[in-house]
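Only one structure is covered here, and it is reproduced in the block below.
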Amino acid sequence: MRPFSKLGLALSLLLLFSTACQQQAELPILSPKDDRGSFLPVPDFSFVNQDSMPVSRATFAGKAYVADFFFTSCPTICPVMAQQMLRIQRHFSGDSRLLLLSHTIDPGRDTVPRLKTYAENLGAIPGKWHFVTGDKDSLYDMADDYYNLVVEDQNLPDGFDHSGRFTLVGPKGYIRSYCNGTSPEEVGQFIKDIETLLHEMEDATAQH
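Mapped onto mature numbering (1 follows the signal peptide of the UniProt record, and there is no 0), the consecutive letters of the sequence shown carry residue numbers -25 to -1, 1 to 183.
Below, the structure is given as structure tokens:
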């Protein structure tokens, strides 16, 4: 048997390195755990979107989605967040595996027609980006589930305090990543996290 040539060794190492680079590291699961140590998915929910359609966990079955909290009359961080969500929408416009979910924290004023106008003016893609309203307590409870700070504070000029966080949820309902939705740099890394999750979903599908 002939000895392995230096050229052959170099090519083998190059192939091994290239294969390793192509493998996507999985994102961690950031959801809380129950008493038995099992991860808890995002609880089920029931809201209505800008097209008067019901939106629940079933809407996102088998898909990943990005969740945030806003209100249409917000004069501070919401316009910045909206532009960053648009950035995510543009990046994944052709990928039906990723959806966007924006919850109003001002359901008293953010009616379905108002959300519809807001979504259209923003350039949201129907069916891909859902703007939802519903019971106020339910909306605020969901904010906690997505690790978002939402507080009604009449001492503030706009009446609300919220963190502006984007949360990435995987197809099993587990939280996989989050970022500050007002930071273009963090959103840039967040987009890479979304790509990693989509590769993970692709690999899981290929194994079945």
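A virtual CB, placed ideally from N, CA and C, is assigned to each residue, including glycine. None of these values were measured; they are calculated from a predicted model.
Going by beta carbon distance, what residues of the same chain come within less than 7 Å of residue i, once the five residues before and after it are set aside?
| i | result |
| --- | --- |
| K111 | P82 |
| P29 | S21 and V23 |
| P18 | D120 |
Am I right that residue i and residue j are in contact with their C-beta atoms under 8 Å? What's the rounded C-beta distance?
| i | j | result |
| --- | --- | --- |
| A39 | R72 | 6 Å |
| K103 | L76 | With 8 Å as the limit, K103 and L76 do not qualify as a contact, their Cβ atoms being about 10 Å apart. |
| R65 | G148 | With a Cβ gap of about 26 Å, R65 and G148 do not count as contacting. |
| N123 | F44 | 5 Å |
| L97 | T108 | With 8 Å as the limit, L97 and T108 do not qualify as a contact, their Cβ atoms being about 16 Å apart. |
Return the chain-ordered list of same chain residues with a C-beta closer than 6 Å to the C-beta of residue i, the five sequence neighbours on each side being excluded.
| i | result |
| --- | --- |
| R151 | L2, L143, G145 and L172 |
| G37 | P146 |
| L5 | I150 |
| D10 | none |
Buried or exposed for residue i, please, with buried defined as at least 16 other CB atoms from any protein chain shown within 10 angstroms of its CB.
| i | result |
| --- | --- |
| T47 | buried |
| T79 | buried |
| A118 | buried |
| Q25 | buried |
| Q182 | exposed |
| S116 | Just to set this straight, residue 116 is Asp in the shown sequence, not Ser. It is exposed - the Cβ of D116 has fewer than 16 other Cβ atoms within 10 Å. |
| D85 | buried |
| A(-1) | exposed |
Looking only at its own chain, which residues have a Cβ that is under 8 Å from the Cβ of residue i, when we skip the five neighbours before and after it?
| i | result |
| --- | --- |
| T157 | I52, V55, M56, Q59 and G139 |
| Q164 | C154 |
With respect to the alpha helix (DSSP H) encompassing residue i, which residues constitute its N-terminal and C-terminal limits?
| i | result |
| --- | --- |
| L90 | V87 to L97 |
| P54 | C53 to H66 |
Quick one: give me the first and last residue of the beta strand (DSSP E) that residue i is part of.
| i | result |
| --- | --- |
| L76 | L73 to T79 |
Contiguous alpha helix (DSSP H) assignments of at least 4 residues, all confined to the region 16 to 47: none
Length at least 3, wholly inside the region 109 to 180: the beta strand (DSSP E) runs in chain order: Runs found: 125 to 127, 135 to 137, 140 to 144 and 150 to 155.
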